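A.B. asks: Supplied in structure tokens, the structure appears directly below.
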Amino acid sequence: MLDDVFQAGSESIKNGQIMNKRNIVIIGISTGGPKTLRTFFDGMPLLDGSIILVQHMIKCANKSLCKTLNSLTEMEVRIACHGETIKPGVVYLAPSEVHLELVNNQKFKLVNGPKVCYVRPAVDVTMKSIKRITEDNIIGIIMTGMGKDGTDGISHIKSVGGTTFAQDEKTSVIWGMPKAAIGTGHVDYILSTEGIRNKLISQLGRQVFS
Amino acid sequence: MDKQIMIVDDDPSIRETVEIVLGAGGYSICAVDSGMECLEKLRKGFNGLILMDIMMPKMHGWDTIAAIEDEGLHGGNVICMLTAVHDPGPELEKLTECVMDYIRKPFTSEELLGTVAEYLAYVQ
Numbered sequence: 001m002l003d004d005v006f007q008a009g010s011e012s013i014k015n016g017q018i019m020n021k022r023n024i025v026i027i028g029i030s031t032g033g034p035k036t037l038r039t040f041f042d043g044m045p046l047l048d049g050s051i052i053l054v055q056h057m058i059k060c061a062n063k064s065l066c067k068t069l070n071s072l073t074e075m076e077v078r079i080a081c082h083g084e085t086i087k088p089g090v091v092y093l094a095p096s097e098v099h100l101e102l103v104n105n106q107k108f109k110l111v112n113g114p115k116v117c118y119v120r121p122a123v124d125v126t127m128k129s130i131k132r133i134t135e136d137n138i139i140g141i142i143m144t145g146m147g148k149d150g151t152d153g154i155s156h157i158k159s160v161g162g163t164t165f166a167q168d169e170k171t172s173v174i175w176g177m178p179k180a181a182i183g184t185g186h187v188d189y190i191l192s193t194e195g196i197r198n199k200l201i202s203q204l205g206r207q208v209f210s
Numbered sequence: 211m212d213k214q215i216m217i218v219d220d221d222p223s224i225r226e227t228v229e230i231v232l233g234a235g236g237y238s239i240c241a242v243d244s245g246m247e248c249l250e251k252l253r254k255g256f257n258g259l260i261l262m263d264i265m266m267p268k269m270h271g272w273d274t275i276a277a278i279e280d281e282g283l284h285g286g287n288v289i290c291m292l293t294a295v296h297d298p299g300p301e302l303e304k305l306t307e308c309v310m311d312y313i314r315k316p317f318t319s320e321e322l323l324g325t326v327a328e329y330l331a332y333v334q
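The listed protein sequences correspond, in order, to chains A and B.
The numbering of the first sequence is the numbering used here, which starts it at 1 and goes up by one.
The numbering of the second sequence is the numbering used here, which starts it at 211 and goes up by one.
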């Protein structure tokens, strides 16, 4: 019986079973987000990973944001649905007015509940639903916005072995959320919008269809 | 009603500048000098992008947005702050879902036109 895990492209083999390595990225973003996301996703290639985007915004703007981002990136951008299993190459926008969790790092669960840090969806809720699963590569990113949403989430991402980013002051419209995340001491990289994007591309790599 | 842009600012020079820049860009502008007038326009069916100052006498920008939410007037409108207040402070935290962007004065024509082009598309 093989207990060792070894890499084979995006697959690993454990106990004789092929385990698909998942790259999961969770982004929390607020005021100034749509314009910032335009820069972030502009020209972004099809990545070998799933991006979960938690943008604080009014519900009627959800579809417009998806439409805008779809025009910029090779990744597919759509609103996350309850029960949906995440796939690589897709950006999932957390719908407004509900919290978004990930069950076993695979399936979305939309949760009614009180606002967290005055917002719903809160990226804290999404990030804190992530489990430590050896095969999964987790990345947490906090970008422009006011308040403290993402502070607990970033600490949790570090605790499950993930990598964390915060947007720098220079490129943030409002440097509240990133600053609060940095204040936890659990942020690995503080970068510009483009810097985070470029690092993400180099870390995840492009999706290859077999 | 076609999408419009509402500038809410007690400073007449700001209102005039916005009207000139956006008017030249082909946009339809509605200029008001107070939060109360903004609410009145919304009650009468204004549909569009609202550029909101913060520091206004009698009713500042944050209270105006809170009143918009309380009266259920937000609808498909989009709100961006247009303000000389560099650091928004804790008031924005409670209204963060209602405010799409935050433009600081002084602003360039390009910034203003870019903001409007970006966010008018989000108006329903």
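Where a beta carbon is used, it is the ideal one built from N, C-alpha and C, also for glycine.
This structure is a prediction, so every number in the text was calculated from the model and none was measured.
1. I'd like the list of long-range same chain contacts for Ile166/A, defined as Cβ closer than 6 Å, with 5 residues on each side in sequence excluded.
2. For the region 152-171 of chain A, enumerate the residues whose C-beta is nearer than 9 Å to any C-beta of chain B, in chain order.
3. Let me know if Cys308/B comes out buried or exposed under the rule of 16 or more other beta-carbons within 10 Å of its beta-carbon.
4. Starting from the C-beta of Gly32/A, find all residues in its chain whose C-beta is less than 8 Å away, skip the five residues before and the five after it, and write them out in chain order.
5. In whole angstroms, what separates the C-alpha of Ala241/B from that of Pro316/B?
6. Distance check for Gly245/B and Val119/A, CA to CA, integer angstroms please.
7. If distances are taken between C-alpha atoms only, which option among Ala234/B, Asp273/B, Met266/B, Gly286/B comes closest to Gln334/B?
8. Between Met310/B and Met57/A, how many whole angstroms is the CB-CB distance? I'm expecting something under 8 Å.
9. Excluding the five sequence neighbours on either side, which residues of its own chain have a C-beta within less than 7 Å of the C-beta of Arg197/A, listed in chain order?
10. Pairing CB atoms from the region 96-104 of chain A with CB atoms from the region 120-129 of chain A, are three or more of them under 8 Å?
11. Taking a Cβ distance cut-off of 7 Å, strictly less, list which residues of the region 264-286 of chain B are near chain A, in chain order.
12. What runs of the beta strand (DSSP E), each 3 residues or longer, lie entirely inside the region 8-85 of chain A?
13. Can you have a look at Met216/B and say buried or exposed, based on whether 16 or more other CB atoms are within 10 angstroms of its CB?
C.D. replies: Let me lay it out:
1. According to the sequence as given, residue 166/A is Ala; it is not Ile. Closer than 6 Å at Cβ, skipping near neighbours: Ile142, Pro178, Ala181, Ile182, Val187, Ile190.
2. none
3. buried
4. Thr144, Gly145, Ser172, Val173, Ile174
5. 18 Å
6. 24 Å
7. Gly286/B
8. 7 Å
9. Phe40, Met44
10. yes
11. His284, Gly286
12. 11-14, 17-20, 23-29, 50-55, 76-79
13. Met216/B comes out buried.
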